[in-house]
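Per our numbering, residue 872 is the first one in the sequence shown, and the count goes up by one each step.
Notes follow the structure.
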Amino acid sequence: MVTSTRRARRSRAQDIKTLLILGASGDLTGRLLLPGLASLVSAGRAPGLTLVGAGTEPWTPSKWQRRLAKALPLDAGEEASAHWKELMATSQYRQVDVTAPGALAGLLASLDGPVAVFFALPPRISQLACESLTPEEVPFGTRLVLEKPFGSDAASARELNGTLRRLVPEEHIHRVDHFLGKSTVLNIIGMRFANRFFEPLWNRDNVAEVEIAFEEDLALEGRAGYYDSAGALRDMIQSHLLQVMALMAMEPPATLGERDLRDGIATVLRASRVATPFRRNTRRARYTAGRIGGRKVPDYVAEEGVHPERETETFAEVRVEINNTRWAGVPFILRSGKAMGTRRKEAVVRFRPLAHLPAGFSGTDQPDELRIGFGPDTLSIGLDVTSAGNGFELSRAELTTELHSSALLPYGEVLDGVLHGDPLLSVRADVAEDCWRIVDPVLSAWSHGRVPLEDYPAGSQGPVTEN
Ligand code: BG6
């Protein structure tokens, strides 16, 4: 008998032959997945790959081809277009209800393997589709690719993990997070661990707080079907920002291998929680009508498909504590908001104030700050320096550099990992459950109204009331 570990090891070198996208007629596939795949294929990174889309909509072959054609940028070069057209020529759309008994098994059996199955579906449907399969119906080498949110709380994430584990080994399960394109992971790790002078300062003795903010000027964008039952805490913090926090806070890994990195991430998250009282340590708000740039944005509750009684937050903030020797007492503030006046996507490390500033200096004396901006990734260090015209006066200097950015779109990087069997960008089973363990008590307190729902006009800097 071949054990699952041996099976996984043997098939690791094998490239995926067919990418099967479930939910192919959906918004995620059109908006992010196919453009990401197009960036990968047109870079020549997926030769010979067959793409099959499956959805419940009765799409004609030409409708599917039109969707594929739209995924490639208009300014793509000749070679890039040739690669993508080659994939389009063999790509098919199949109308299937993957929750129907035997449907997904039949589909898998008809494809050239190994197959990567991308579940671009709501979590409950993904769970039902997986439950419809028996291990014997999952061909050797199949990889299962799951989108966030992975489950909707710790219990459902555990259940989904159990279902997946019965079908394929953990190495073949990719819980993807496009937010952590490989560049961002490596940019944070590179900044922290390839420099001598950060590491001695990177601890509770020198750091006052770390803020990880993802504030976007995008509003609901017609995504009520998903977003109105998710909200900002599940949509951004539970999934993406806790991962960034873990990279910012982890211990130095011995290697860049997935085991070392993912162990490091898991260890930090296991030590993390949001402490009570939640009225002080968390915040939720919802946008009202306003303007962003010249654009009029309606009240969130007036958007089509929104149920006001759900009290879905479009802005969330939590103070996470990491209870270990390095970070005890340092708040990690994670915040995310939609329909904000300014886009701010960054991690900021604020250092403690000086013990003593020599008397005689005038001007600003602000704590040093280090910022990592996301998309495009940048690194800035804010320091007090003497002014050009006056050596006794301090002013602020920002030293900024751009960090590596990939030619691939974030979903291209994610799919690259899936097709080539690299689990680095996949969230491990225990980590997926731990992220829910951290936010579940907050979600429960919010749903019981224990933290007031504030509001903020679209286009503003978020809620202003002090906690
Ligand atoms: C997604 C969220 O995961 O990330 C969206 O569901 C959010 O609500 C998006 O707008 C932001 O991603 P990007 O592409 O701007 O980095």
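Glycine residues also receive a C-beta, built at the ideal position from the N, C-alpha and C atoms.
Collapsed DSSP secondary structure at residue i in the structure displayed
| i | result |
| --- | --- |
| residue 1206 | strand |
| residue 1225 | coil |
| residue 1147 | coil |
| residue 1251 | strand |
| residue 1162 | strand |
| residue 1323 | coil |
| residue 957 | helix |
| residue 1114 | helix |
| residue 1015 | strand |
| residue 1064 | helix |
| residue 1328 | strand |
| residue 1245 | coil |
| residue 1269 | strand |
| residue 1027 | helix |
| residue 1043 | helix |
| residue 1181 | helix |
| residue 1050 | helix |
| residue 891 | strand |
| residue 1235 | coil |
| residue 1078 | strand |
| residue 1121 | coil |
| residue 1153 | strand |
| residue 1173 | helix |
| residue 1009 | coil |
| residue 1103 | helix |
| residue 1197 | coil |
| residue 1092 | coil |
| residue 1335 | coil |
| residue 1218 | strand |
| residue 1086 | strand |
| residue 1142 | coil |
Residues near residue i in its chain [Cβ-Cβ closer than 6 Å; skip 5 each side]
| i | result |
| --- | --- |
| residue 955 | 909, 912, 913, 943 |
| residue 1244 | 1217 |
| residue 1301 | 1137 |
| residue 1202 | 1080, 1190 |
| residue 1100 | none |
| residue 1185 | 1103, 1157, 1158, 1171, 1209 |
Cβ-based neighbour list, residue i, same chain, cut-off 7 Å, excluding 5 preceding and 5 following
| i | result |
| --- | --- |
| residue 1268 | 1254, 1256 |
| residue 1006 | 1037, 1038 |
| residue 1340 | Outside the shown range of the chain, which is 872 to 1338, sits residue 1340, and nothing can be said about it. |
| residue 1108 | 1187, 1189, 1205, 1207, 1310 |
| residue 1132 | 1124, 1295 |
| residue 1308 | 1025 |
| residue 1215 | 1084, 1086 |
Neighbourhood of residue i by C-beta distance below 8 Å, restricted to the same chain and skipping five residues each side
| i | result |
| --- | --- |
| residue 899 | 991, 1018 |
| residue 1054 | 1248, 1274, 1275, 1276, 1277, 1284 |
| residue 897 | 926, 991, 992 |
Query - Inter-stretch contact at 8 Å, needing at least 3 Cβ pairs: the segment 951-967 / the segment 988-996 - result: Flag = no, the segment 951-967 and the segment 988-996 do not touch.
Query raised in the report: If you pair each beta-carbon of the segment 1321-1337 with each one of the segment 1148-1156, do three or more pairs fall below 8 Å?
Result: With a cut-off of 8 Å, the segment 1148-1156 and the segment 1321-1337 count as touching, because enough Cβ pairs lie within range.
Report task. Count the C-beta pairs between the segment 1289-1298 and the segment 1042-1057 that are closer than 8 Å, then say yes if the count reaches three, no if not. Result -> The segment 1289-1298 vs the segment 1042-1057: in contact.
Query raised in the report: Do the segment 1055-1069 and the segment 1020-1032 make contact, defined as three or more Cβ pairs closer than 8 Å?
Result: Look at the beta carbons and you see the segment 1055-1069 not touching the segment 1020-1032: under three pairs across the two are nearer than 8 Å.
Query - Three CB pairs or more closer than 8 Å across the segment 1129-1144 and the segment 1220-1232 - result: Touching, no, given that fewer than three Cβ pairs across the two stretches are closer than 8 Å.
**Report entry** contact_flag[the segment 1275-1284, the segment 1099-1108] where n(CB pairs < 8 Å) is 3 or more
**Finding:** Because the criterion of three Cβ pairs below 8 Å is not met, the segment 1275-1284 and the segment 1099-1108 do not touch.
Report task. Specify whether the segment 1087-1102 and the segment 1225-1244 touch according to this definition: at least 3 beta carbon pairs, one from each stretch, less than 8 Å apart. Result -> With fewer than three CB-CB distances shorter than 8 Å, the segment 1087-1102 does not count as touching the segment 1225-1244.
Query raised in the report: Which whole runs of the alpha helix (DSSP H) in the segment 917-987 are 4 residues long or more, in chain order?
Result: As summarised for the segment 917-987, the continuous alpha helix (DSSP H) elements at least 4 residues long and confined to that stretch are 932-942, 949-961, 974-980, given in chain order.
**Report entry** Residue ranges of each beta strand (DSSP E) within the segment 1258-1315, 3 or longer
**Finding:** Whole beta strand (DSSP E) segments, 3+ residues: 1264-1273.
**Report entry** Three or more C-beta pairs below 8 Å linking the segment 1115-1135 and the segment 1081-1089
**Finding:** Flag = yes, the segment 1115-1135 and the segment 1081-1089 touch.
Query raised in the report: Does the count of Cβ pairs from the segment 998-1015 and the segment 969-978 closer than 8 Å reach three?
Result: Counting Cβ pairs under 8 Å, three or more are found: they touch.
Query raised in the report: At a cut of 8 Å, does the segment 947-954 reach the segment 920-938 through at least three beta carbon pairs?
Result: Because the criterion of three Cβ pairs below 8 Å is not met, the segment 947-954 and the segment 920-938 do not touch.
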